[in-house]
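Asker: Numbering (this note's numbering), first residue to last: 12 to 369.
Ideal placement from N, C-alpha and C gives every residue a C-beta, glycine not left out.
1. Classify residue 322: buried if its beta carbon has 16 or more other beta carbons within 10 angstroms, exposed otherwise.
2. Tell me whether the beta-carbon of residue 362 lies closer than 8 Å to the beta-carbon of residue 352.
3. Bridge partners of residue 40, per DSSP?
4. What separation, rounded to the nearest whole angstrom, lies between the Cα atoms of residue 166 and residue 33?
5. Please determine, among 160, 112, 97, the residue with the shortest C-alpha to C-alpha distance to residue 132.
6. In the region 200 to 271, which residue ranges form an unbroken alpha helix (DSSP H) of at least 4 residues, counting only runs that do not cross its ends?
7. Quick test of your reading: residue 22 and residue 94, contact by CB under 8 Å. State the CB separation rounded to the nearest angstrom.
8. Using 10 angstroms around the beta-carbon of residue 232, count the other beta-carbons present and answer buried if the total reaches 16, otherwise exposed.
9. Would you call residue 14 buried or exposed, if buried means 16 or more other Cβ atoms sit within 10 Å of its Cβ?
10. What does the Cβ neighbour count give for residue 273, buried or exposed, with the cut at 16 atoms within 10 Å?
11. Let me make sure I understand the geometry here. Which of 76, 155, 206 has the alpha-carbon closest to that of residue 49?
12. Starting from residue 160, follow its DSSP beta bridges and name the residues at the other end.
13. From residue 76 to residue 142, what distance separates their C-alpha atoms?
14. Do you know whose CA, among 301, 299, 324, 290, lies nearest residue 311's CA?
15. To the nearest angstrom, report how far apart residue 184 and residue 259 are at their CA atoms.
16. Going by DSSP, what residues sit across from residue 151 in a beta bridge?
17. How would you label residue 309, buried or exposed, when you count the other beta carbons within 10 angstroms and need 16 or more for buried?
18. Taking DSSP as the reference, what is the three-state secondary structure of residue 324?
19. From residue 85 to residue 139, what does the alpha carbon distance come to, in whole angstroms?
20. According to DSSP, simplified to helix, strand and coil, what is residue 102?
21. For the region 108 to 125 and the region 53 to 69, state whether three or more C-beta atom pairs, one from each stretch, are separated by less than 8 Å.
22. Cβ atoms of residue 20 and residue 149: under 8 Å apart, would you say?
23. I'd like the span of the alpha helix (DSSP H) that includes residue 22, first residue to last.
24. For a test of the three-state rule: what should DSSP assign to residue 355, helix, strand or coil?
25. How should residue 41 be labelled, buried or exposed, when 16 other C-beta atoms within 10 angstroms of its C-beta is the threshold for buried?
26. Counting along the chain, where does the beta strand (DSSP E) carrying residue 62 start and finish?
27. Between residue 176 and residue 223, what straight-line distance do the alpha-carbon atoms span, to the nearest angstrom?
28. Leaving out five residues on either side along the sequence, give the residues of the same chain with a beta carbon under 8 Å from the beta carbon of residue 217.
29. Considering only the alpha carbon of each residue, which of 239, 128, 337 lies closest to residue 270?
30. Quick check on DSSP: helix, strand or coil for residue 187?
31. Can you tell me the Cα-Cα spacing of residue 44 and residue 329, whole angstroms?
32. Determine the burial state of residue 248: buried for a count of at least 16 other Cβ atoms within 10 Å of its Cβ, exposed for fewer.
33. Quick one: what does DSSP say residue 114 is sitting in, helix, strand or coil?
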C-alpha cells in the first residue's frame, strides 16, 4: 500500500481502520453506501440536534478491556482534539454517557448525515490503553478489529498484524498479515508481478493489461466512489471568480478522452461531484460537452485575449498562468494533470503541473 506515516487512528484512519483493520467505527457502510451497525448496534435521533447510540455487547479491545460508553467517549473526544477536521465533519458539540452502553451525541446544529459522518475512518475507536508516542500521538493503537498490531517497523514502513482470536464478529481465516509501504504505483505493480507481495492496489492503469496476462496474477477492477475534481484554492481576486472562466474550463476539458485514453477505460466522464449510482445523486444533471470554441468564446467575453500572439491569454497585463498541484501515490492523478495541462493549453491557458510528496 502507500507510505504508512503513522498509526494514530485520528490522523491516519485509512491505514489503521480500512487497510490494517485494527480499529472499527460505531457505524459501518455496505458496498452500496447504505449504513449498517458497527460497534454500535443501534442509533436514533432523539432531538433535532441529539443522537442516541447503543453499543454492542461482548466487544473487547485487543488488550482485553471492555468496550464501554466511557471508552468510546474518550476516543471520540480525543479524535476531535487531535484532528479539528473531524470536528468540522461530524459537527459534534458534546458527548455524554448514559450508562455502560449508551452515548448521547449533541451536534452543533441539526445534522441528518451524522451517523454517516461517524463512519469516517478517522473516527475509528481506540482503547484508552493505546500506547502514546511523542506529543500524545498514539503510536500503538489498541482497537477492536479483526486484526491487532504486532509490530510496526518504522525504518522500512512495514506493518505486522496478528489475527484477533477474540474478535466479536466473523473471525478472519488468515492468521497473520504483513503490510508493506510501497508509495510508488509502478513499484507496486512490479512487486505483485514478481510475487514479492500477494495483493496490491492502485497500480498504473497502463500496466493492467500486462498484469492480466502475467502468470499467477489475478486482476479485479472495481468501481469506487471516487470522483476526480479540479479544486480551486479560492475564487476572490482570481480569474475563477468569473463564472464564464469556470464554464470555459469545463468546456475545454475532454472528459471522455481522459476516461478512455488517459485512464485506459477505467473511469467514466463525471457530470457532478457524486457518482450516478449513488442514491442521492441528481440523475437529471447534464455534463459539459467538450467544446473548445465555446471555451475560447467565454474566455474572450471575460476579457482574456492573446495580446502578443504567444498562445497564452492575458488580461490587464497578467498572463493566464495556472499551477496545478497533485501527488504521485494515486496512479491516475499525474497522467490526468498532464492531460488537463495539454487541453487547457489549447484554450490559451498555461498550466504548470507540480507533483508534491502527498
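Answerer: Put simply:
1. Against the chain shown, residue 322 aligns to sequence position 311. Exposed is the call here.
2. Mapped onto the chain shown, residue 362 falls at position 351. Mapped onto the chain shown, residue 352 falls at position 341. For residue 362 and residue 352, yes; Cβs fall inside 8 Å.
3. Mapped onto the chain shown, residue 40 falls at position 29. According to DSSP, residue 40 bridges with 46.
4. Taking the first residue of the chain shown as 1, we reach residue 166 at position 155. Taking the first residue of the chain shown as 1, we reach residue 33 at position 22. C-alpha separation (whole angstroms): 21 Å.
5. To locate residue 132, count along the chain shown from 1; it is residue 121. Per the Cα distances, 97.
6. 219 to 224, 254 to 263
7. Stepping through the chain shown from its first residue, residue 22 is reached at position 11. Stepping through the chain shown from its first residue, residue 94 is reached at position 83. The pair is a contact, with the Cβ atoms about 6 Å apart (cut-off 8 Å).
8. For the purposes of this step, residue 232 is identified with residue 221 of the chain shown, where counting begins at 1. Burial call: exposed.
9. As a working mapping, residue 14 is identified with position 3 in the chain shown. It counts as exposed.
10. Looking up residue 273 in the chain shown gives position 262. With 16 or more Cβ atoms within 10 Å of its Cβ, residue 273 is classed as buried.
11. Here residue 49 refers to the residue found at position 38 of the chain shown. Of the listed residues, the one whose Cα sits closest to residue 49 is 155.
12. Translated into the one-based positions of the chain shown, residue 160 becomes position 149. Paired residues: 172.
13. For the purposes of this step, residue 76 is taken as the residue at position 65 of the chain shown. For the purposes of this step, residue 142 is taken as the residue at position 131 of the chain shown. Their backbone Cα atoms lie some 14 Å apart in a straight line.
14. Numbered from 1 along the chain shown, position 300 holds the residue referred to as residue 311. Comparing Cα positions, the closest option is 324.
15. Here residue 184 is taken as the residue at index 173 of the chain shown, counted from 1. Here residue 259 is taken as the residue at index 248 of the chain shown, counted from 1. The straight-line gap from Cα to Cα measures roughly 53 Å.
16. Counting from 1 along the chain shown, the entry for residue 151 is found at position 140. DSSP output for residue 151 lists 142 as bridge partner(s).
17. Along the chain shown, read from residue 1 onward, the residue named residue 309 stands at position 298. The residue in question, residue 309, is buried, as its Cβ has 16 or more Cβ neighbours within 10 Å.
18. Working through the chain shown from its first residue, we reach residue 324 at position 313. Looking at residue 324 - three-state DSSP - the assignment turns out to be coil, as it is neither helix nor strand.
19. To locate residue 85, count along the chain shown from 1; it is residue 74. To locate residue 139, count along the chain shown from 1; it is residue 128. Near 7 Å, if we compare the C-alpha coordinates of residue 139 and residue 85.
20. As a working note, residue 102 is residue 91 in the chain shown. If DSSP states are grouped into helix, strand and coil, residue 102 belongs with coil.
21. yes
22. Along the chain shown, read from residue 1 onward, the residue named residue 149 stands at position 138. Along the chain shown, read from residue 1 onward, the residue named residue 20 stands at position 9. Result yes, Cβ atoms of residue 149 and residue 20 sit closer than 8 Å.
23. Translated into the one-based positions of the chain shown, residue 22 becomes position 11. Note, residue 22: premise wrong, no alpha helix (DSSP H); not H, not E.
24. As a working mapping, residue 355 is identified with position 344 in the chain shown. DSSP places residue 355 in helix when its eight states are reduced to three.
25. Indexing the chain shown from 1 puts residue 41 at position 30. So residue 41 ends up on the exposed side.
26. Sequence index remark: in the chain shown, residue 62 carries index 51 (1-based). Counting along the chain, the beta strand (DSSP E) containing residue 62 begins and ends at 61 to 66.
27. Start at 1 with the first residue of the chain shown, and residue 176 comes out as number 165. Start at 1 with the first residue of the chain shown, and residue 223 comes out as number 212. Approximately 35 Å between the Cα atoms of the pair.
28. Residue numbering aside, residue 217 sits at position 206 when the chain shown is read from its first letter. Excluding residues within five positions, the ones whose Cβ falls inside 8 Å are 275.
29. Along the chain shown, one-based indexing puts residue 270 at 259. With distances taken between Cα atoms, residue 270 lies closest to 239.
30. The residue labelled residue 187 in the question sits at position 176 within the chain shown. Reduced to three states, the DSSP call for residue 187 is strand.
31. As a working note, residue 44 is residue 33 in the chain shown. As a working note, residue 329 is residue 318 in the chain shown. C-alpha separation (whole angstroms): 46 Å.
32. Taking the chain shown and counting its residues from 1, the one referred to as residue 248 is at position 237. Residue 248 is exposed by the Cβ-count criterion.
33. The count along the chain shown starts at 1 and reaches residue 114 at position 103. DSSP places residue 114 in strand when its eight states are reduced to three.
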